[in-house]
Every structure is written in structure tokens, then in C-alpha cells.
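K.L.:
Got a structure for you, written out below as C-alpha cells; questions coming shortly.
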Amino acid sequence: MFDVGEVAVYPGHGVGRIESIEEKEFSGTKQSFYIIRILDTDMTIMIPIDGAKNAGLRCVIDACEVCKVYDILRDKNIVHDNSPWNRRYKEYMERIKSGSIYEVATVLKELYNLRYWKELSFGEKKMFEMARNLITKELSMSLGTEELVVEQEIEEIFLANNNNQKGNTANHHKG
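The sequence shown runs 1183 to 1357 under our numbering.
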């Protein structure tokens, strides 16, 4: 359970602050809700406290989990997915909305590597930005670091990965 003022992560939307806990009545039944303001967009979301876990509401990751995210981003195994964009889009959105920061990190890594090999479509660019923003916000919140610092670290990881992949024909192809 979260208290007013705490931060939490809501799948597909990112880090938010619990602004209040309110009781609402629906169909004659009173229910308590978290009122969450998403930090990146100022969007306000109302989530039933009883269903918060099932909705994917979770705590911001800790330092150990931050290391795992960086490990995923540093993983040099590059998968070239030749499946149609609409199938990739659906798969990536499912991963982003799963609530798992590890899934979001995998999407970011795959789109970043795809960007290295070809120009991303408009939809791919939007999804890339969404994944990057979700990762950046949560890592900066967890580490107590400026978002710009986290963005630069991620950029350096991918530049190093792609420099190491130049000329490597042993990359795994999917699809």
C-alpha cells in the first residue's frame, strides 16, 4: 500500500506521485482510490486500492534492479527482427504495458539497435521515445540523478554496443 506523497510506477505511463487517497461510491459500493499524478505528463489517474496490484502499480525500482536494467541495455546480443512493423508494434506495446521495467528496457534496446540499422518509422520513433522516457524517469528517480545524466549514460551504452557490432556478421536474425 502506498501513502500520500509517495511515488509509484503505473504501467505504460511511468512514475507518478500519490496525490491523495479518496473514497468514491459506485453502484452503492464505497471504494478507496489512489489519485496519482503522472510526473512526466501531469495526467491524473484514479486506481482502486484493492485492484492496484492487478493494475500493475508498483514501487520504483531499487539500486539492484537498476543494475539489471543497465545489464539488459549493455547486452550485446542484437536481434534483427524482420517481422512486419504492425506485429512488432503490438509486441512492443504489450511489453511496455506489462509494467516490467525489464521488458521496457528490452524494447528500448531493440528499437535503439533497429535505429542503428535503419531509419525508424513515425510509430517506431514514438515508441522509442516512450520507452526511453519511461526508463529515464524511473532510473533517475531511483538513483536520485538528473534525467539528462541517465539519458547520456544510456546513449553511451548504445554507442559502445553498436561500435562493437560493426562488421560482426554473427548477429542473430529473427523472423
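From the three backbone atoms N, C-alpha and C, an ideal C-beta is built for every residue, glycine too. Note that the structure is a prediction, hence the values are computed from the model and not measured.
Any idea what DSSP makes of residue 1342, helix, strand or coil?
P.N.:
Correct three-state label for residue 1342: helix.
K.L.:
Can you give me the C-alpha to C-alpha distance between residue 1340 and residue 1295, rounded to a whole angstrom?
P.N.:
For residue 1340 and residue 1295, the distance between alpha carbons rounds to 8 Å.
K.L.:
Within the same chain, show all residues whose beta-carbon is closer than 6 Å to that of residue 1205, passing over the 5 residues directly before and after it, in chain order.
P.N.:
Excluding residues within five positions, the ones whose Cβ falls inside 6 Å are 1212, 1214.
K.L.:
Check this for me: beta carbons of residue 1187 and residue 1199, under 8 Å apart or not?
P.N.:
Cβ distance < 8 Å, so residue 1187 and residue 1199 count as in contact.
K.L.:
Who are the near neighbours of residue 1237 in its chain, counting only those whose CB is closer than 7 Å to its CB and skipping five residues on each side?
P.N.:
Only 1229 meet the Cβ criterion.
K.L.:
So, is residue 1191 buried or exposed, given that buried needs 16 or more other C-beta atoms within 10 angstroms?
P.N.:
Per the 10 Å Cβ criterion, buried.
K.L.:
Candidates 1185, 1253, 1291, 1252: which alpha carbon is nearest residue 1234's?
P.N.:
With distances taken between Cα atoms, residue 1234 lies closest to 1185.
K.L.:
Do you know whose CA, among 1270, 1225, 1221, lies nearest residue 1303's CA?
P.N.:
Among 1270, 1225, 1221, the Cα nearest to that of residue 1303 is on 1270.
K.L.:
Could you tell me which residues DSSP puts in a beta bridge with residue 1228?
P.N.:
1217, per the DSSP bridge assignment.
K.L.:
Can you find the residues in the same chain that come closer than 6 Å, C-beta to C-beta, to residue 1309, ignoring five residues on each side of it along the sequence?
P.N.:
Only 1274 meet the Cβ criterion.
K.L.:
Is the distance from the Cβ of residue 1280 to the Cβ of residue 1193 below 8 Å?
P.N.:
In this structure, residue 1193 lies closer than 8 Å to residue 1280 by Cβ.
K.L.:
On the DSSP bridge list, what partners appear for residue 1233?
P.N.:
Note: residue 1233 sits in no beta bridge, so no partner.
K.L.:
Taking only runs of the beta strand (DSSP E) that begin and end inside the region 1256 to 1286, which ones reach a length of at least 3 residues, in chain order?
P.N.:
Correct list: 1261 to 1263.
K.L.:
Name the DSSP bridge partner or partners of residue 1189?
P.N.:
Answer is 1199, bridged to residue 1189.
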